[in-house]
Structure formats: C-alpha cells, structure tokens
Amino acid sequence: MAQVGATCLLYLCAAMTFSGTAGAADEPKPTPENTISIKLAEPVPSQKFEPAPKFWITDVTDRSGNAQPMLVLKERGGVFLDKQPTAILKEALEESLKAANLLATNKDSADMTVRLYLFHFGLAQGSGLDFFSKVEFSAMVKNPKTGESQEVKASGTSIARGAIRKKNIQKNVEENLQEALKDSTRNFLRGAQLKEAVNTLWKGSAAPAGNNK
Amino acid sequence: MRKWMVVLVVALALLAASAQAKDETPKFKTVEARHFQSSEGVELSPAFGDYFYAELRNELSKAKMATEVIGEGEAVEDADAAKSAVITGTITEYKKGSVVKSALIGFGAGMRSLKMDADLVRRSDKQNLCVIHVHVKVQPRWDEKVMAKFAAKQMVNEMKKALKEGKSS
Chain Y
1 MAQVGATCLL
11 YLCAAMTFSG
21 TAGAADEPKP
31 TPENTISIKL
41 AEPVPSQKFE
51 PAPKFWITDV
61 TDRSGNAQPM
71 LVLKERGGVF
81 LDKQPTAILK
91 EALEESLKAA
101 NLLATNKDSA
111 DMTVRLYLFH
121 FGLAQGSGLD
131 FFSKVEFSAM
141 VKNPKTGESQ
151 EVKASGTSIA
161 RGAIRKKNIQ
171 KNVEENLQEA
181 LKDSTRNFLR
191 GAQLKEAVNT
201 LWKGSAAPAG
211 NNK
Chain H
1001 MRKWMVVLVV
1011 ALALLAASAQ
1021 AKDETPKFKT
1031 VEARHFQSSE
1041 GVELSPAFGD
1051 YFYAELRNEL
1061 SKAKMATEVI
1071 GEGEAVEDAD
1081 AAKSAVITGT
1091 ITEYKKGSVV
1101 KSALIGFGAG
1111 MRSLKMDADL
1121 VRRSDKQNLC
1131 VIHVHVKVQP
1141 RWDEKVMAKF
1151 AAKQMVNEMK
1161 KALKEGKSS
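Order-wise, the sequence lines are chains Y and H. Going letter by letter, the first sequence gives residues 1 to 213 in our numbering. Going letter by letter, the second sequence gives residues 1001 to 1169 in our numbering.
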C-alpha cells in the first residue's frame, strides 16, 4: 500500500516538473527580433491657449495592473516593447508639448504640472479578425502656485488588419500601437477637458496679478 | 464591332468609377464619434462599447465622411464648427441568441441581434442632420465584437445614404 502511494507521488512530481518546463518553454523572451519601438512619427499639434501656460510632466504611474507591461502579444513567440509604456507615453507628450512651445524647462518654472496615470497601453480584446490597440490614461493637471488641480481623461484607439506571417504581425502591431498612442496624445492635447482645466486653473493664478494693478 | 463594344463598356465603367470618386469628397471638416449609451436591460460587455467606438471611427475614416475624424471630447475651432458634426447614439436592444434554436430551426431563428439608434448633429447649432436605425443579426456563435464591426459598417453606409438623399427622418 505504501509502495503504491510512493509511486503515485513520484508520478505526480514528474507530471508537475514536466508541465512546469513546458510552461516555461511557452513563455516568450524578448529578443532584438521580436522587440518593437513605439514613438510618434511627428509631434501632435496642440490646441491654442490664451495665455499659454508651460507644462511639466512630473511623474507617470502605471495603473494598468499588467504584470508584464512590455509584453504586447504573447502568441507566435511574443512581441515586446523596447521601453516601459510609461516612458513611451511621457516621451510622446513631452515631444508634442515641446513642439507647441508649451513645455517648461524645469519643474520650478512650470505654470502647470501634470501627473499621469496610465490605465491601458497595448492590445485589447478585439474581434479576432484584427488588432485592436488602446491607450488610456488620466492626467492630474495642477497649478503649483494655488495648489488647485483638475482631472483630464484621454484615450486613443486604433484598429489594424490582422496578419498570419510573424513578420507582418509585428509590423501591424507596431503601426497599430503607434496610431493609438498618437490618437491618445491628440485626445489629451486637443481635448475640451484640458482646455477647461487650463481656463479654470490658469484664471486662478491670473487673478492675483490683476489685483496688483 | 465586338471589340468596340468592350472598349465602350470599359470606358463607361471608368467614367462611373471616377464620378463615384468625385462624390466621395468629405462632407464635413470634422466628425466626432462618441461612445454609445446602452438602454436599460442591454447586457453587453464594457469592451464592446470601446470596440464599437473604435470601429465606427475606423469606418468613418474609410468612408471619407470628414477631413478629420476626431476623438471624443476634442475641441474644434469655432470657424470649423459649422462644418463639423457629432455622432451620438444608443444601443436600444441586444439579444444574445440561441445556438440550439439556430441549429435546430435555422432560417434566422436564434440569431444574435443588436439594435442601435444614432443621431448625426451639426456641432454649431445642434441641428439634427439625420437619424439612423441599425439592426444587425449575426450567428449566435460569433463574438459580439464581430457584430460591432458589422453594425459600424452598416451605420456609416446608412449615414452616407441619408446625407446623399438629404432627408432627415
């Protein structure tokens, strides 16, 4: 009886070991071949502000709850990002703000500070026939002088054709994510919510200057 | 003689194609698609709304309805407001369908169905340009996102047709 029990235990251990190694073999690893670089092809034009404040992005926090934020696609050997999504988003926004002359040189000289919370960056569940990318984040726009802040939400989506060949999958995913990033950046910089936030918070700081006259 | 007939048919086809292409000049400067609201009792996943929104924007771009298809909540220059439109809508009914009914009865029984109403409104004066009703039926085994794809395509086609006819139902 004890021998049967021991044999069963041995089989169980062997099964667990082999299933573990099989799982590890399925897990894709980042290599230069399956790594993509996501960045804006050109800065996104921002809306015009009167007067124009200078923004500074203080921090980007990942709130996606994704254990592997750099893994975009697990199937077919995986597709990885070369940078953390938070870094990609920050770079895209800074680049666009700089092009519109809305980026401060440092935190102290900024009229508005922006703290970003990233909720989604990457592929989302689509129809199965295509790739559906989504970039979703929220920004806490704050006037450091008054301490007042307002939340601005932004999201960007993109749908690209599906592919069968691995090379095409990677290419389509890259283009799709770039488009979603561009869309979300535009949604933030040209959004009515940002305009409202700047009008509300910027008036607050302009008021004391008016009183001094 | 037959050769000339072929040449004539090809020429006519090309003329028709070019006329159609000329028709496809954007009607609006910007079009903003918004997330559709769901009526009470409509049990669709939250992901459906996002996917349909993305698909609708995709179809609007493909159909060249506007020079620019903007995202939800984006500001538009005052000068462009009169030539801009906003699409709002409601998902009025969703039936999950039945695989058993579809397999046993067939002839459209047990199909997954979705009904939507959409309004195309001019941004400047909020004038209603057209009202669209869409009813999509797909196989009950198919994913709901496939239904979103069909619904978006049908909606944009109906919208184009309504604008062409210049009717406001």
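Where a beta carbon is used, it is the ideal one built from N, C-alpha and C, also for glycine.
Contact with chain H by residue i, beta-carbon distance below 9 Å
i	result
Y/F121	no
Y/A192	yes
Y/I159	yes
Y/N187	yes
Y/Q178	no
Y/S155	yes
Y/D183	yes
Y/K39	no
Y/K195	yes
Y/W202	no
Any C-beta of chain Y under 9 Å from that of residue i
i	result
H/Y1053	yes
H/E1074	yes
H/G1071	yes
H/A1148	yes
H/A1082	no
H/K1153	no
H/D1143	yes
H/S1168	Reliability of the predicted coordinates at H/S1168 is poor, the pLDDT of 47 falling under 50, and the value obtained from them is presented with this limitation in mind. For H/S1168, the answer is no, since every Cβ of chain Y falls outside 9 Å of its Cβ.
Simplified DSSP assignment, three categories, for residue i
i	result
Y/Q150	strand
Y/V72	strand
Y/F119	strand
Y/L177	helix
Y/S158	strand
H/N1157	helix
Y/W56	strand
H/Q1037	strand
Y/K171	helix
H/V1031	strand
Y/T61	strand
Y/T200	helix
Y/T31	coil
H/A1021	Low confidence applies here, because H/A1021 scores a pLDDT of 48, under 50, leaving its location unreliable and the question unanswered by this model.
Assumed close pair residue i, residue j - CB separation to whole angstroms, cut-off 8 Å
i	j	result
Y/A154	Y/N187	4 Å
Y/L200	Y/Q125	For clarity, residue 200 of chain Y is Thr in the given sequence; the question names Leu instead. Actually they are not in contact, since the Cβ atoms of Y/T200 and Y/Q125 sit about 36 Å apart, beyond 8 Å.
H/D1203	Y/T157	Given that chain H is displayed from residue 1001 to residue 1169, the structure contains no residue 1203 of chain H and the question cannot be resolved.
H/F1028	H/A1085	5 Å
Y/D62	Y/L118	5 Å
H/A1082	H/S1039	32 Å between Cβ atoms; not a contact.
Y/G122	Y/V72	5 Å
Y/A100	Y/S138	Not really, about 21 Å apart at Cβ, beyond 8 Å.
Contacts of residue i in chain A (Cβ-Cβ under 7 Å)
i	result
Y/Q47	Given the protein chain composition of this structure (Y and H), no chain A is represented.
Any non-hydrogen atom of the ligand FAD closer than 8 Å to residue i Cβ
i	result
H/K1083	Within the structure as shown, the ligand FAD is missing, as the structure has no ligands at all.
Please specify which runs of the beta strand (DSSP E), each continuous and at least 3 residues long, are wholly inside the segment 1047-1088 of chain H, giving them in chain order.
Fully enclosed beta strand (DSSP E) runs of 3 or longer: 1066-1070.
Members of the segment 80-95 of chain Y that neighbour chain H once the beta carbon cut-off is set at 9 Å
Taking 9 Å as the Cβ-Cβ cut-off, the segment 80-95 of chain Y has no residue approaching chain H.
Fully enclosed by the segment 78-143 of chain Y, which beta strand (DSSP E) runs are 3 residues long or longer?
DSSP runs (the beta strand (DSSP E)) wholly in the segment 78-143 of chain Y: 79-81, 112-124, 130-142.
What are the residues in the segment 1029-1059 of chain H lying within 8 Å of chain Y by C-beta distance?
Result list: A1047, D1050, Y1051, Y1053, A1054, E1055, R1057, N1058.
Starting from the N-terminal side, write out each stretch of the alpha helix (DSSP H) that is 4 residues or longer and does not extend beyond the segment 1091-1140 of chain H.
Counting only runs of 4 or more, we get 1099-1104.
Please list the residues of the segment 123-142 of chain Y that have a C-beta atom closer than 8 Å to any C-beta atom in chain H, keeping them in chain order.
Considering only beta carbons, the part of the segment 123-142 of chain Y lying closer than 8 Å to chain H consists of A124, Q125, G126, S127, G128, L129, F132, K134, in chain order.
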